[in-house]
Amino acid sequence: MFSAKNIISLFFVLLMASSILAIWNGSDDSSSLPDYNGHKIKLDGNYYVIKTDYGDVYGYTYPSYLETIEFVKSLSNAINPAGEIIILFDPDDEYINYIELFRSELAQRDLYNLGKTASFAITKENDEYSFPVLDCESAPVATIYLRT
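Following my numbering, the residues of the sequence shown are numbered contiguously, the last one being 536.
This is how it looks when you write it as structure tokens:
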């Protein structure tokens, strides 16, 4: 009644059918991504969105693809008591488009979520920017210098 060929064929048919069901079941949400450090990540249009206790964090790159940024304790100590933080940058940097994007995200989302206000300054005169010219030593408040 059941030959060895039939049993083997039936086994492969069941294996393929269960594989298709497993793939179908696992792909119910196309915007769902693996967790990262215990945080849920979703793809929302062009942004990766990480849900945190402090609000949503948006980014263009999946977190594990980024290099590690280490903050020294003195930076944390300078930012915590400061109400205002100056974001300083070189207007002639060859990667100014990336600096523009980063400083905008930093001022509008990250520092805002920390209860800080951001102002901007440049390292040298430039016709495109009306920000004050400063350097890290002459800045009156805590300063983050963005450079590539």
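Backbone N, C-alpha and C fix where the C-beta goes; we use that ideal spot for every residue, glycine too.
Relative to the C-alpha of residue i, which candidate in the options has its C-alpha closest?
i: F508; options: H427, Y446, A392 and I475; result: I475
i: C524; options: L409, I532 and S518; result: I532
i: T449; options: Y486, E482 and A530; result: Y486
i: D481; options: E513, I473 and D432; result: E513
i: I382; options: S406, S391, E488 and A527; result: Because the chain in this structure spans residues 389 to 536, residue 382 falls outside the shown range and cannot be described.
i: G426; options: T440, D432 and G433; result: T440
i: I467; options: D515, G503 and A392; result: G503
i: E516; options: Q496, E488, A495 and T536; result: E488
Within the same chain, show all residues whose beta-carbon is closer than 6 Å to that of residue i, passing over the 5 residues directly before and after it, in chain order.
i: T511; result: D478
i: I484; result: none
i: N438; result: First, the residue type needs correcting, since residue 438 is Ile and not Asn in the sequence shown. Once the five neighbours on either side are set aside, the close Cβ partners of I438 are H427, I429 and V445.
Pull the bridge partners of residue i from the DSSP assignment, please.
i: S507; result: I474
i: I429; result: I438
i: Y446; result: V437
i: V401; result: DSSP output for V401 lists no bridge partner at all.
Over the uninterrupted alpha helix (DSSP H) stretch that includes residue i, give me the two end residues.
i: L494; result: Unbroken run through L494: none, as it is neither H nor E.
Excluding five sequence neighbours on each side, which residues of the same chain lie with their C-beta closer than 8 Å to the C-beta of residue i?
i: R436; result: Reading off the sequence, residue 436 comes out as Tyr, not Arg. Cβ neighbours of Y436 beyond the five flanking positions: L421, I429, K430, Y446, G447, Y448, T449, Y450 and P451.
i: P520; result: A509 and I510
i: N434; result: Y448
Looking at the secondary structure, which residues open and close the beta strand (DSSP E) in which residue i lies?
i: Y533; result: T531 to L534
One question on the structure: do residue i and residue j come within less than 8 Å of each other, judged by their Cβ atoms?
i: F490; j: L534; result: yes
i: A530; j: A470; result: yes
Within the same chain, show all residues whose beta-carbon is closer than 7 Å to that of residue i, passing over the 5 residues directly before and after it, in chain order.
i: L499; result: I473 and A506
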